[in-house]
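For the sequence shown, the UniProt record's numbering begins at 1 and goes up steadily by one. Just so you know, even glycine gets a beta-carbon here, dropped at the ideal spot from N, CA and C. Nothing here was measured: the structure is a model prediction, and the numbers come from that model.
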Amino acid sequence: MPETPTNQTAAQSEKTSRFDVFTGPRKALIFLSVMVLAAYWATLSADYVNYDDITLLKNNYMIQDLSPAGVKTMFTHFMPKSYYPMRLLSYAVDYRIWGDDPFGHHVTNLLLHLFNTVLVFLLFINLAGEPAKKNIWSAFGAGAFFGLHPIAAGSVAWIPGREELLLFFFGLWCLLMQMEAAKGKNTSLYLALSAGACLLACLSNVMGAALPFLAAWYIFYSQEDKKLQTILSRTGLLWIIGAGAVFMKIAAELAWNSQTMVSKIPHVPTAILHLGDLWSQYTPSVEAGQGLVQRISVILSVFGENVVHGLFPFSLPVFFPSRIPASLMDWCVLTGLGFVLCLVVAFFLTRRKEIWRLGLVWYLAIILMTSQIFPTFVWRADRFLYLPLGGLALAAGWLAGWLFDRLGENKSGVVFLSLIVALGAQTVVYLPAFANPMAFHYYAKSNNPDYYLVYEYLGQEQVRQGMFKDALKHYAKALDLAPDKNYLWDKVFKTVIMSGKLKYGENLGETAVRKDPNNAYRRNYYGAILSFQGKDQKAVQQFKKAVELDPAAEAPRHNLGLQYLGMGELEKAERQFREAHKLNPFNAKYSYDLARTLERLEKNEEALEYYLMAAQDPKNLEARKAANRLAGKIRQAAPSKED
1 MPETPTNQTA
11 AQSEKTSRFD
21 VFTGPRKALI
31 FLSVMVLAAY
41 WATLSADYVN
51 YDDITLLKNN
61 YMIQDLSPAG
71 VKTMFTHFMP
81 KSYYPMRLLS
91 YAVDYRIWGD
101 DPFGHHVTNL
111 LLHLFNTVLV
121 FLLFINLAGE
131 PAKKNIWSAF
141 GAGAFFGLHP
151 IAAGSVAWIP
161 GREELLLFFF
171 GLWCLLMQME
181 AAKGKNTSLY
191 LALSAGACLL
201 ACLSNVMGAA
211 LPFLAAWYIF
221 YSQEDKKLQT
231 ILSRTGLLWI
241 IGAGAVFMKI
251 AAELAWNSQT
261 MVSKIPHVPT
271 AILHLGDLWS
281 QYTPSVEAGQ
291 GLVQRISVIL
301 SVFGENVVHG
311 LFPFSLPVFF
321 PSRIPASLMD
331 WCVLTGLGFV
341 LCLVVAFFLT
351 RRKEIWRLGL
361 VWYLAIILMT
371 SQIFPTFVWR
381 ADRFLYLPLG
391 GLALAAGWLA
401 GWLFDRLGEN
411 KSGVVFLSLI
421 VALGAQTVVY
431 LPAFANPMAF
441 HYYAKSNNPD
451 YYLVYEYLGQ
461 EQVRQGMFKD
471 ALKHYAKALD
481 LAPDKNYLWD
491 KVFKTVIMSG
501 KLKYGENLGE
511 TAVRKDPNNA
521 YRRNYYGAIL
531 SFQGKDQKAV
541 QQFKKAVELD
551 PAAEAPRHNL
561 GLQYLGMGEL
571 EKAERQFREA
581 HKLNPFNAKY
591 SYDLARTLER
601 LEKNEEALEY
611 YLMAAQDPKN
621 LEARKAANRL
631 AGKIRQAAPS
641 KED
C-alpha cells in the first residue's frame, strides 16, 4: 500500500528527529516532570500570603490533632461555607510532619500538581491507544500544557488551592477506573474503585459532583452502546455521591452567616437536623442577580469570561470583582452564549471520536457548572478552572498530534514547544506574586484598584504586621467602595482596639452613624467603641437603637447583654442574651454568656444546661471547664441520701 504524502513526511521525520526523548513514555515523563518542577521550584521558598491560608493552617485547631477524635472533628464540622474534610486531613498530615512551616505545605502542593500532570499524560495515552511515537508526543503535549499553564499557578502556589489539587487527583483516578471497567474485566471492582475515588474527590471539593457527568460523557463518547441504561449502570453510584456533595455544600452555605462571617451551626449533624430552620432564614445575595433574566445574564457572563480567560491567560489577577451585566446584550453574555452553542454542537457530533471533542466538552461543561449556577460568594477564580483545564489539555494534546501529522516531527515540535515555553514563562513571571503577603496583596491592588476585597485583605495583613494606621486607611477605603459590607465594621473595631486609637474610632463611628443613621451595624460598632471607653449609657443607647432598627440582628442584642452584664444589671443582661440565643441557638458564645449570667443569678441548673450547649463547640474550652466546675458545685450542694 503506497504511503500518503503525510505518512512520508512523518517517516522522514523519524529518521532526522530532534525529539528522541519521545521514543518511550518513560523518557517523556521524566522530561515532563523536570519541566514542571523547574517552573514551580520557587514556590517552595514562598511564605503564607494571608488570604485564608493563615486561618486554614496556622490558626486552625482542627489540623493540629491527628488522633481519631481529631479526625472525627474534621469530618463532622464545617469550615467557612464548605465541607472539605479531605483538604483538612491533608493539612493535618502536613502539620504533623512540618508544623506550620509553609515549606512543607508547598512541597505537598507541588507534588500533587506533578502527580496530576502525570495523570493527564497517562489519561491521554489511555485514550489514544498504542503508545506510538505520535501518541507519546501528543500525551506529552497534553501534560506539558496542563502542568505549565498559568491558570494552574494559583492552585499550586496558594496553599488553600490544595482542594482543587486533591479534587483533580482523585477525579482522574475516578475516570481511569471507569476506563478500566469499560474493558470488561473485573468490572465490578473497577466501578467500586471509581466510586471510592469520586467520594474522596467530593470530600475535597464540591466540584467532585461534576465527575459523574465526565464519566457518563466518556462512556457516551467512547462506547458503541450509548443507551441511558448502560450509562446509568456504570455511573449511578457516582451520581448519588455527587448529589451528596451538592447537598453538603448547600448545608454549609445555609449554615454561614454572611453578616457576621461565621458559621451559625459549625457542627455538621446538627446543621443537617435543622436544615429547614436554616433555609427559612436564608436570604439570597443581591450580588448573585435578582430575577430569572438577570440570573441567566450573570451565568452566561461568568461562563464567557472564564472560557476566554482559560484560552487566553494574558492577565492574571488574583481577585475577580463580581459584575452584573447591564443587559443580555453585554459582550460577556453574548460570548458565553456563543460558547454554550459550541458545547451543544460538540456534544452532538456523535460520529466523531477525536480526543479534542472529549476535551472540549469537558472544558466547557465543567466551566459552565462553576459559573454561578449555584450562587457563591466568590464568582470567579483561577482555581475554579483547574479541573476544566484537564479537558483543555486533552484538546491541546490532540492539536500536538495534528501538527505532528501535518508538519512532521521537527516542525511540529518547534511550534508546539514554543507554545509550552510561552505558557511556562508566563507562569514563572506570575509566581513571585505569591512570595509573601505584601507582594500578594499589592499585586492584587495593582490589578483591581477599585475592588473592596483588595483593601480588606491588605488591611488584614497590615493589622497582622502591626501597621494599624495603614490598615484603618485601607478598611475605610473598602467601606467606601462597598458600604453594604457591614462585617467590615467588626474588623475596624478590632483594629481600633488593638491600636489604642479609641478617639479616632469614636469619631469614625459618629461619622458613620451620621451618614447612615438607619444602619444597625454602624450603630452596633459605634456602641462597642463607646462601651470600650466606659461611656456606658451612650453605648446602651446605640445598642438599643441598633436592635430597634434590625430586631433580627444577633450582634447588637448580644452586645447589649454584655453591656448590661458589665454594668451589673443581670436581669436585663439575661433578657438580651436569651433573645440573642433565640435568634441563633447554635452560637456557643451566646450560650456561654447566658450561662454565666444565669450562674450569677444563682440559676445553676439552667446555667449548667447552657454551659453544656456551649461546650459542644470544640473551640470553647472555657465552657467545658465552667460546666465541670458548676456540675461539681451542684453535686456538693445536693442533699445526700442519708439526709
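Between R557 and A580, the CB-CB gap stays under 8 Å. With a contact defined as Cβ atoms closer than 8 Å, F303 and I367 qualify at about 6 Å. Counting only residues of its own chain and dropping the five nearest sequence neighbours on each side, R357 has a CB closer than 8 Å to the CB of Y221, A346, L349.
Below 8 Å, enough C-beta pairs join the segment 404 to 413 and the segment 131 to 149 to call them touching: three or more. Put simply, the backbone Cα of W256 is about 33 Å away from that of L601. With a cut-off of 8 Å on Cβ pairs, the segment 71 to 82 is not in contact with the segment 452 to 463, counting fewer than three such pairs.
The alpha carbon of Y91 has as its nearest neighbour, out of F145, A69, P160, the alpha carbon of P160.
The C-beta distance from A252 to F78 rounds to 5 Å, short enough to meet the 8 Å contact threshold. A contact is defined here as three or more CB-CB pairs under 8 Å, and the segment 148 to 162 meets this definition with respect to the segment 381 to 391. By the CB criterion at 8 Å, L389 and I151 fall inside the cutoff.
Between V454 and Y475 the beta-carbon gap is near 12 Å, outside 8 Å, which marks them as no contact. For a cut-off of 8 Å, the C-beta gap from N584 to L549 is around 18 Å, too long to register as a contact.
Taking 4 residues as the shortest admissible run, the segment 480 to 505 contains the following complete alpha helix (DSSP H) segments, listed from N- to C-terminal end: 488 to 499.
CA-CA distance, P321 to M207, rounds to 22 Å. Annotated three-state conformation of W402 is helix, per DSSP.
Rounded to whole angstroms, the separation of the alpha carbons of L193 and K185 is 14 Å.
Beta-bridge pairing by DSSP links M79 to S82. For the set Q223, L360, A396, the Cα lying nearest the Cα of L419 is the one of A396. Here DSSP, grouped into helix, strand and coil, assigns H558 to helix. Straight-line measurement puts the Cα of N126 at about 12 Å from the Cα of P25. A contact between stretches requires three or more CB pairs, one per stretch, nearer than 8 Å, and the segment 167 to 180 fails this requirement with the segment 36 to 46. By alpha-carbon distance to Y611, the top candidate from A627, K445, G70, H105 is A627. Taking the C-beta atoms as reference points, C342 is found no nearer than 8 Å to L328. Inter-segment contact for the segment 111 to 118 and the segment 54 to 74 is absent: fewer than three beta-carbon pairs are separated by less than 8 Å. Minimum Cα-Cα distance from L175 among the listed residues T511, Y218, K183 corresponds to Y218. Residue pairing of H267 in beta bridges, as defined by DSSP: H77. Judged by DSSP in its simplified three-state form, E164 adopts helix. If you check the CB distance, L238 and L211 come in under 8 Å.
In chain order, I299 place their CB closer than 7 Å to the CB of I373, counting only its own chain and leaving out the 5 sequence neighbours on each side. Nearest to L479 by alpha-carbon distance, out of G509, K503, Q541, is G509. The beta carbon of I97 sits closer than 7 Å to the beta carbons of G104 from its chain, once the five residues preceding and following it are set aside; these are given in chain order. Considering only W173, L394, Q636, the residue with the shortest C-alpha distance to G147 is L394. In this structure, F319 lies away from N436, with their beta-carbon atoms at least 8 Å apart. Taking 4 residues as the shortest admissible run, the segment 295 to 351 contains the following complete alpha helix (DSSP H) segments, listed from N- to C-terminal end: 331 to 347. Less than 8 Å divides the Cβ of A539 from the Cβ of Q563. The shortest C-alpha to C-alpha distance from I296 to any of F543, P317, A216, M369 is the one to M369.
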